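**Student:** This is the structure, below, for whatever I ask next.
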Amino acid sequence: MIVVINYGMGNLRSVVKTLEKAGADVLITSDSNEIEKARGIVLPGVGEFSKTMENLKKLNILETLSNSILKGIPYLGICLGLQLLFTESEEGNGSQGLNIIKGKVKRFVNNMKIPHMGWNQIKIRNKKCKILEEIPDNSYFYFAHSYYAIPEDKHVIVATTDYGIEFVSIIQKGNILGTQFHPEKSSELGLKIIKNFCQLVYR
Amino acid sequence: MLARRIIPCLDVKDGRVVKGTHFVNLKDAGDPVEIASLYSKEGADEIVFLDITATIENRDIILKIVEKTAEQVFIPLTVGGGIKGIKDITLLLQNGADKVSINTAAVKNPKLIKESAERFGSQCIVVAIDAKKNVVNKNCTWEVYINAGKTPTSIDVIKWAKTVEEMGAGEILLTSIDADGTNQGYDIELTKIVSETVNIPVIASGGAGTPEHIYEVLTIGKADAALTASILHYGKYTIKDIKQYLKNKNIPVRI
Numbered sequence: 574m575i576v577v578i579n580y581g582m583g584n585l586r587s588v589v590k591t592l593e594k595a596g597a598d599v600l601i602t603s604d605s606n607e608i609e610k611a612r613g614i615v616l617p618g619v620g621e622f623s624k625t626m627e628n629l630k631k632l633n634i635l636e637t638l639s640n641s642i643l644k645g646i647p648y649l650g651i652c653l654g655l656q657l658l659f660t661e662s663e664e665g666n667g668s669q670g671l672n673i674i675k676g677k678v679k680r681f682v683n684n685m686k687i688p689h690m691g692w693n694q695i696k697i698r699n700k701k702c703k704i705l706e707e708i709p710d711n712s713y714f715y716f717a718h719s720y721y722a723i724p725e726d727k728h729v730i731v732a733t734t735d736y737g738i739e740f741v742s743i744i745q746k747g748n749i750l751g752t753q754f755h756p757e758k759s760s761e762l763g764l765k766i767i768k769n770f771c772q773l774v775y776r
Numbered sequence: 005m006l007a008r009r010i011i012p013c014l015d016v017k018d019g020r021v022v023k024g025t026h027f028v029n030l031k032d033a034g035d036p037v038e039i040a041s042l043y044s045k046e047g048a049d050e051i052v053f054l055d056i057t058a059t060i061e062n063r064d065i066i067l068k069i070v071e072k073t074a075e076q077v078f079i080p081l082t083v084g085g086g087i088k089g090i091k092d093i094t095l096l097l098q099n100g101a102d103k104v105s106i107n108t109a110a111v112k113n114p115k116l117i118k119e120s121a122e123r124f125g126s127q128c129i130v131v132a133i134d135a136k137k138n139v140v141n142k143n144c145t146w147e148v149y150i151n152a153g154k155t156p157t158s159i160d161v162i163k164w165a166k167t168v169e170e171m172g173a174g175e176i177l178l179t180s181i182d183a184d185g186t187n188q189g190y191d192i193e194l195t196k197i198v199s200e201t202v203n204i205p206v207i208a209s210g211g212a213g214t215p216e217h218i219y220e221v222l223t224i225g226k227a228d229a230a231l232t233a234s235i236l237h238y239g240k241y242t243i244k245d246i247k248q249y250l251k252n253k254n255i256p257v258r259i
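Sequences listed follow chains A and B, in order.
Under this note's numbering, the first sequence has 601 at position 28, and the numbering climbs by one with no breaks.
Under this note's numbering, the second sequence has 246 at position 242, and the numbering climbs by one with no breaks.
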């Protein structure tokens, strides 16, 4: 069972459907017992950093989520789901994140339009990452965000994307994966990323 | 590099697509789900549904369509038309829309932009602006119209564009009422001035008749994306044709 964490925001339907298409059993939940039993965890991200952290606290799942990730359960964080792994974010005046990956989340300040919205390419920095199986370099994925993560440990960087600056668009640290883009909204190649994640869960 | 987007817009009335049903290879040419799926396969970067259902009783139909589309089409889906408040937005997002486009309700109550952006994130709040050239009043070169382009507001488009950005809109969908339906090209001047005024993406709409028109609005007009309707619906050009044309002219597109 792969759980998709529901913290009361936005569209979960697309991510659930892509996981099901990839052959996964999926449960949408905000119940810590279910999260504890899960073989894989997906945290899709829309919304604001500090409010989402608050929501996760209110739902009493912050600790369980953190423990499961640290225990080695495959985790896929999408967009905000990637950013929440980090130490802190500028969004909401220095809110604390899960601090599982050391680093900061910053707002774009270059002279580009914000949000960074639309299809952009990834530059693969770590070809060995399983999530990128059969994904060509320079492939396009769908982004919709105003903040980006800066990891302290550069070894976690799997891919980067150019938007005035080069920012991190995929990270991996062992069982922990994160994409700044939305694979569930990125057509065929996005589905492939979701499939690759499912294979890591069910291998 | 960030690609420029080509976004087909489908007018949906009581659950059926009312324009652009001239496809030969569809089982049901009026079915929004099937048309959205076809456009996605052809390389559309997003899909917009504009719900032009007249009666309140039939408003739930769009939710079912959104739900079905989100289960089959894995590119971003924006829904506009008749959105009155937070409740409508919540329902659309829960049923599988990624963004909502607000127009009249935003003009009547600009706080709705702020409230919804804070609640759901700016990235899913599109403000649609219908603009018409005003030849009489020199202080208002383009005027904002509401109620599907029927009612003038005496609000200046450029000022309104700044306001919606400040309120937290993630994108502006800018339609030229003058150009809409003409197939003679976008209002380049309008698009350029709005795009230069705000620091959020601008989607140009109204007037596309050829790939060259799209090229013009993305370059001279500085639009981040182009909304297209009849140019695609009547089979004159496919999304592939348009994107290939743009690529040949060195515009970054996702092919």
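Beta carbons are placed, not taken as given, at the ideal position from N, Cα and C, and that holds for glycine.
Being a predicted model, the structure only gives us computed values, none of them experimental.
#1: In angstroms with no decimal places, state the Cα-to-Cα distance between Q745 of chain A and K675 of chain A.
#2: Report the residue from B:T82, B:L6, B:P80 and B:V70 whose alpha carbon sits nearest the alpha carbon of K696 of chain A.
#3: What three-state label does DSSP hand Y249 of chain B in the structure shown?
#4: Touch check for the stretch 219-227 of chain B and the stretch 186-204 of chain B: three-plus C-beta pairs under 8 Å?
#5: Pick from B:I133, B:M171, B:P156 and B:V161: whose alpha carbon is nearest that of Q127 of chain B?
#6: For the beta strand (DSSP E) holding C4 of chain B, just list the boundary residues, first then last.
#7: Spell out the partners DSSP gives Y713 of chain A in its beta bridges.
#8: Which of the three DSSP states is assigned to P215 of chain B in this structure?
#9: Starting from the beta carbon of G125 of chain B, find every residue of chain A whose beta carbon is closer than 7 Å, and list them in chain order.
#10: Going along chain A in order, which residues have a C-beta closer than 9 Å to the C-beta of S44 of chain B?
#11: Hey, is the stretch 705-722 of chain A in contact with the stretch 32-47 of chain B, meaning 3+ C-beta pairs nearer than 8 Å?
#12: Return the chain-ordered list of same chain residues with a C-beta closer than 7 Å to the C-beta of V221 of chain B, the five sequence neighbours on each side being excluded.
#13: List, in chain order, every chain A residue whose beta-carbon is nearer than 8 Å to that of P205 of chain B.
#14: So the alpha helix (DSSP H) I192 of chain B belongs to, where does it begin and stop?
#15: So which of B:T232, B:E216, B:I243 and B:K244 has the shortest CA-CA distance to K253 of chain B?
#16: For A40 of chain B, which residues does DSSP report across the bridge?
#17: Which partner residues does I133 of chain B have in the DSSP bridge list?
#18: Count the other CB atoms within 10 Å of the CB of S158 of chain B; is the residue buried (16 or more) or exposed (fewer)?
#19: Which complete alpha helix (DSSP H) runs does the stretch 85-131 of chain B hold, if anything under 4 residues is left out?
#20: Can you check DSSP and say which residues form a bridge with D55 of chain B?
#21: I need the straight-line Cα distance from V257 of chain B to L750 of chain A, nearest angstrom please.
#22: In angstroms, rounded to a whole number, what distance separates the CA positions of D18 of chain B and V52 of chain B?
#23: So with Cβ pairs under 8 Å, would you call Q753 of chain A a contact of chain B?
#24: Does the distance from the C-beta atom of L657 of chain A to that of L643 of chain A stay below 8 Å?
#25: On the premise that I10 of chain B lies in contact with I243 of chain B, defined as a C-beta separation below 8 Å, what is that separation, rounded to the nearest angstrom?
#26: Give the residues of chain A in contact with P80 of chain B, contact being defined as C-beta atoms less than 7 Å apart.
#27: Would you mind reading off the limits of the alpha helix (DSSP H) that contains K163 of chain B?
#28: Taking DSSP's pairing of strands, which residues face S209 of chain B in a bridge?
#29: Nearest to Q669 of chain A by CA position, among A:L649, A:V599 and A:L635, is which residue?
#30: Could you spell out where the alpha helix (DSSP H) holding S623 of chain A opens and where it closes?
#31: Terminal residues of the continuous beta strand (DSSP E) containing V148 of chain B?
#32: Output yes if chain B places a C-beta closer than 8 Å to the C-beta of T733 of chain A; else output no.
#33: Taking only beta-carbon positions, decide if M582 of chain A is within less than 8 Å of chain B.
#34: Give a yes or no on whether the minimum CB-CB distance between G654 of chain A and chain B is below 8 Å.
#35: Return the chain-ordered list of same chain residues with a C-beta closer than 8 Å to the C-beta of G665 of chain A, the five sequence neighbours on each side being excluded.
#36: Hey, would you say A101 of chain B sits closer than 8 Å to A173 of chain B, going by beta carbons?
**Tutor:** Per the coordinate set shown:
#1: Within the model, the alpha-carbon separation for Q745 of chain A versus K675 of chain A is close to 13 Å.
#2: Comparing C-alpha distances from K696 of chain A to each of B:T82, B:L6, B:P80 and B:V70 shows the shortest one belongs to B:L6.
#3: Three-state DSSP puts Y249 of chain B in a helix.
#4: Yes: the two stretches touch, three or more of their Cβ pairs being nearer than 8 Å.
#5: With distances taken between Cα atoms, Q127 of chain B lies closest to B:M171.
#6: Missing from the structure shown is residue 4 of chain B; chain B here goes from 5 to 259 and no further.
#7: Note: Y713 of chain A sits in a beta bridge opposite A:Q694.
#8: When secondary structure is reduced to three states using DSSP, P215 of chain B falls in the helix class.
#9: When 7 Å is used as the limit between beta carbons, G125 of chain B is near these residues of chain A: V619, G620 and E621, in chain order.
#10: Neighbours of S44 of chain B on chain A, chain order: S760.
#11: Taking 8 Å as the limit for Cβ pairs, the verdict is that the stretch 32-47 of chain B does not touch the stretch 705-722 of chain A.
#12: Only Y190, I192, T195, A208, A227 and A230 meet the Cβ criterion.
#13: P205 of chain B reaches chain A at K686, P688, M690 and G691, counting residues in chain order whose Cβ is nearer than 8 Å.
#14: From DSSP, the alpha helix (DSSP H) with I192 of chain B extends over I192 to T201.
#15: Cα-wise, what sits closest to K253 of chain B is B:E216.
#16: In DSSP, A40 of chain B forms no bridge with anything.
#17: Looking at the DSSP assignment, I133 of chain B forms a beta bridge with B:L178.
#18: The C-beta of S158 of chain B has fewer than 16 other C-beta atoms within 10 Å across all chains shown, which makes the residue exposed.
#19: DSSP runs (the alpha helix (DSSP H)) wholly in the stretch 85-131 of chain B: 90-98, 108-112 and 115-124.
#20: When DSSP reads this structure, D55 of chain B sits in a beta bridge with B:V16.
#21: Taking the straight line joining both Cα atoms gives about 28 Å.
#22: Those two C-alpha atoms are separated by around 16 Å.
#23: Any Cβ of chain B closer than 8 Å to the Cβ of Q753 of chain A would place that residue at the interface, and such an atom is absent.
#24: It is not a contact, given that the beta carbons lie outside the stated cut-off.
#25: Confirmed, Cβ separation roughly 6 Å.
#26: Per Cβ cutoff of 7 Å: Y715 and K758.
#27: Element bounds for K163 of chain B: V161 to M171.
#28: Beta-bridge partners of S209 of chain B (DSSP): B:T179.
#29: With distances taken between CA atoms, Q669 of chain A lies nearest to A:L635 out of A:L649, A:V599 and A:L635.
#30: Segment F622 to K631, the alpha helix (DSSP H) holding S623 of chain A.
#31: Counting along the chain, the beta strand (DSSP E) containing V148 of chain B begins and ends at W146 to I150.
#32: So, not an interface residue.
#33: Closer than 8 Å: yes.
#34: No, G654 of chain A does not count as interfacial toward chain B.
#35: Correct list, in chain order: E621, F622, S623 and K624.
#36: Cβ distance not < 8 Å, so A101 of chain B and A173 of chain B don't count as in contact.
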